[in-house]
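One structure below.
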Amino acid sequence: IDGIRVTRFVPLEEILDDAVGRELELCVDRGGKVVTFSMRVQDLHSITPNAYLECGNAVFHNLSYQQARTHNLPVEGVGVYVAAQGYMLRRAGIYAGALITDVAGRRTRDVLE
7 IDGIRVTRFV
17 PLEEILDDAV
27 GRELELCVDR
37 GGKVVTFSMR
47 VQDLHSITPN
57 AYLECGNAVF
67 HNLSYQQART
77 HNLPVEGVGV
87 YVAAQGYMLR
97 RAGIYAGALI
107 TDVAGRRTRD
117 VLE
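If you're matching positions, the sequence shown starts at 7 in my numbering and goes up one per residue.
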């Protein structure tokens, strides 16, 4: 990474933590072929849900990095994640793990909308 050979997690974590918001050059071995590319280091805290909404015993939050990765979706602006279905959503047939993209025909990108 940026010319430094990294073979252990702790030094990798330190380099990434110190580089939040910056571009790093990475050189990796993929199947015996050396590949070099640049990447921007994003702050994990900025894409971790920190606001929750509870309604009808259901719990909602913005899509987390982990859920976005699991479903191959962008992290921001795609909808509200149903963390717990509660009574209201259970009666409507909406299960935990669902992604709500609109409410009453109005686009819902995050819990603030």
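Glycine residues also receive a C-beta, built at the ideal position from the N, C-alpha and C atoms.
**OP:** Note down the Cα distance separating S70 from N63, rounded to an integer number of angstroms.
**Re:** In this model, S70 and N63 are separated by some 20 Å (Cα to Cα).
**OP:** Check the DSSP bridge columns for D108 and list the partner residues they point to.
**Re:** R113
Subject >> Distance between P80 and L30 (C-alpha atoms, nearest Å) >> reply: 21 Å
**OP:** Return the residue from the list V26, R28 and T42 that minimises the CA-CA distance to G9.
**Re:** Ranking the options by Cα distance to G9, first place goes to T42.
Subject >> Residue span of the beta strand (DSSP E) that contains Y58, given as start and end >> reply: Y58 to C61
Subject >> Secondary structure of Y87, DSSP reduced to three states >> reply: strand
**OP:** With DSSP as the reference, label E19 as helix, strand or coil.
**Re:** helix
Original post:
Is it right to say Q72 is buried, meaning 16 or more other beta carbons lie within 10 angstroms of its own, or is it exposed?
Top reply: exposed
Subject >> Sheet register partners of V81 (DSSP bridge) >> reply: Answer is none; V81 lacks a bridge partner.
**OP:** Note the first and the last residue of the continuous alpha helix (DSSP H) segment covering T76.
**Re:** Y71 to T76
**OP:** Evaluate L95 with the Cβ neighbour count: other Cβ atoms within 10 Å of its Cβ, from every protein chain shown; 16 or more gives buried, anything less gives exposed.
**Re:** buried
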